Amino acid sequence: VEGWSDLKVRRFPDGFLFGAGTSAYQVEGAWNEDGKGESIWDKYLHDNPDIISDGRNGDVASNSYHQYKRDVEMLRELGVDYYRFSISWSRVLPRGFSNEINEKGLEYYDKLIDELLKYNIKPMITLYHFDLPQTLQDFGGWANPLSTEWFEDYAAVIFKAFAHKVPYWITVNQPNSICVEGYGQGLMAPAISSSGIGDYMCIKNVLVAHARAYRLYEREYKKKFKGSVGIALALNWADPVNNSTKNVEATDVYREFMIGLYMHPIWSKDGGFPKMVKERVHQNSIKQGFKKSRLPALSKEEVTLLKGSSDFVGVNHYTTVLVKSTDRGMSAPSFDDDVHVELTYRPEWKNATSSWLKSVPYGIYRVCVYLNTKYDYPQMFVTEHGWSTRPGLKDDTRVENLRLYLKAILFAIEDGTDLKGYTTWSLMDNVEWVAGTSERFGLYEVDFESEDKNRTARLSALVYKRIIDKRIVEDDYKPNNLKMSIT
Ligand code: GBH
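Next up, the structure:
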């Protein structure tokens, strides 16, 4: 990393954990096998096949429902300490409610967990990674305040089945993607376009749902099994485009809406939504003729429930943006107008295949320091970080990105960040939501044309294996060939 080349070799501390991640809809396939119910992603992409750029939805995906032993073999090849995967709610509770449990669904996850434990790989389970049972969407999904109960009931089933063998839990992945993209911008399932209204309803409910699941674990399992429960947030970095006061101020606002909205209720001393967010949404709402804020208030009880409801913050970090203030007018309710900024990139930042993804390694250092300063050194895991390419095994750009970000992480640790582990995203190519398989995030390539969805290690897999083994980042390591094996 530029400016940090002091030639000292930094080592990942003892006990620092390396992992790799996936999510259920993106890899499992078997969308209607063995009693699985329909999820919002099943329905959304079945009803709208043209949305996916290459036509590949999650019906078969990477076939992990049938290839989980190969998945664990890959994790053993890499030498990771843990595997982050998610449970499909509708595979276990086909109609969403906990009165009807699909034993076959539980069995699948039980087998996967046991296969991991057999090889000393710790499971890190995400309870919810975007795939709500469609039956619950029919009742409004996350816009319905009852969703917090549905989620707690679902969490109870999963904790009861697996708490004794799973040390790390993530309640919910990226409330802002679920809500701002799913109930506001209409980009992700359930594709509701209700910016500035639906997204805020969803955010409140998802956060409360998280806290209810956290408290349930705390009450019933924490003492006995000593697991850690956290939430994974999309925590990209944002800097002002230049140092003009209005751009610096715009960046403060942007950070509060992207970071503070989710961090403040759980990690601040006072709890609740950040003051700046509350004030802006309230003022805009009144101007637009609403009687009260479009951001639903958290009750006193909810503020208390949420405060401190995480053992660690899961940092999903991919990139950095630059923030500019804007003169754009605002009329209709809109999340973007509540934030009211413009975003840009530096032209020299390297591009991934995904248009939103640029390589800006210092950003992960900056976000760690920001969280430390603002929220008093929370315990963290990087729960997602990765890079997209086109198909091909020689993924030099992924290797470079991985090395540079891991070096920045070493600096963050040196400067006091309480970082327990790093999860690379993704273990293998998968269905990238509406991008289908046109963007590849895998350390392992998946041949989607093959019947079994064969997996082959990319260069980055060998480099990651070497980093895990040596616990340092070498710039010059080049394997002789791309042969992967278990060592
Ligand atoms: C992650 O989100 C997801 O958690 C993970 O499931 C996924 O595999 C990974 O991204 C890579 O795609 O295309 O302009 O509409 C990271 C945050 C939110 C970034 C959605 C991309 C879409 C932007 N992502 N966003 S756009």
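Here the numbering used here = 1-based position in the sequence shown + 5. All C-beta atoms, glycine included, are put in the ideal place defined by N, C-alpha and C. Everything numeric in this text was worked out from a predicted model, so none of it was measured.
query: Using only the alpha-carbon positions, how far apart do Asp342 and Met335 sit?; result: 6 Å
query: What do you get for Ser93, buried or exposed, if any count of 16 or more other CB atoms within 10 angstroms of its CB means buried?; result: buried
query: Is the Cβ-Cβ distance between Met193 and Ala148 less than 8 Å?; result: no
query: If I measure Cβ to Cβ from Glu82 and keep anything under 6 Å in the same chain, skipping five residues before and after, which residues do I get?; result: Met489, Ile491
query: Should the segment 429-436 be regarded as contacting the segment 14-31, the criterion being three or more beta carbon pairs within less than 8 Å?; result: yes
query: Am I right that Ala160 and Ala218 are in contact with their C-beta atoms under 8 Å? What's the rounded C-beta distance?; result: 4 Å
query: For Asn104, which residues does DSSP report across the bridge?; result: The partner list for Asn104 (beta bridge, DSSP) is empty, contrary to what the question assumes.
query: At a threshold of 7 Å, does Gln384 count as lining the ligand GBH (C-beta to nearest heavy atom)?; result: no
query: Going by C-alpha to C-alpha distance, which of Phe340, Gly319, Leu327 sits closest to Asp204?; result: Phe340
query: Can we count Asn3 as close to the ligand GBH, meaning its CB is less than 7 Å from some heavy atom?; result: This structure cannot speak to residue 3, because the chain is shown only from 6 to 492.
query: Can you pull the DSSP bridge partners for Ser244?; result: With the sequence shown as reference, residue 244 is identified as Asp, and Ser is not the correct amino acid for it. Per DSSP, Leu327.
query: Closest to Pro383 by CA distance: which of Ile45, Ala417, Leu464, Glu347 is it?; result: Ala417
query: For a test of your reading of the model: does the CB of Ser315 fall under 7 Å from any non-hydrogen atom of the ligand GBH? Yes or no.; result: no
query: Please list, in chain order, all residues of the same chain as Asn356 whose beta carbon is under 7 Å from its beta carbon, the five residues on each side excluded.; result: Lys363
query: Does the ligand GBH have a heavy atom nearer than 7 Å to the CB of Trp242?; result: no
query: Taking only three categories from DSSP, how would you classify Arg403?; result: helix
query: With a cut-off of 8 Å, do at least 3 Cβ pairs link the segment 361-375 to the segment 318-333?; result: yes
query: If you count every other CB in all the chains shown that lies within 10 Å of the CB of Gln31, and 16 or more means buried, which is it?; result: buried
query: How many angstroms separate the CA atom of Glu444 from the CA atom of Lys475?; result: 30 Å
query: Quick one: is the Cβ of Gln288 within less than 7 Å of any heavy atom of the ligand GBH?; result: no
query: My assumption, with CB atoms under 8 Å, is that Gln139 sits in contact with Ser199. Please give the rounded CB distance.; result: Not a contact, Cβ separation roughly 19 Å.
query: Kindly indicate which three-state DSSP category Ser465 falls into: helix, strand or coil?; result: helix
query: Should Asn37 be labelled buried (16 or more other beta-carbon atoms within 10 Å of its own) or exposed?; result: exposed
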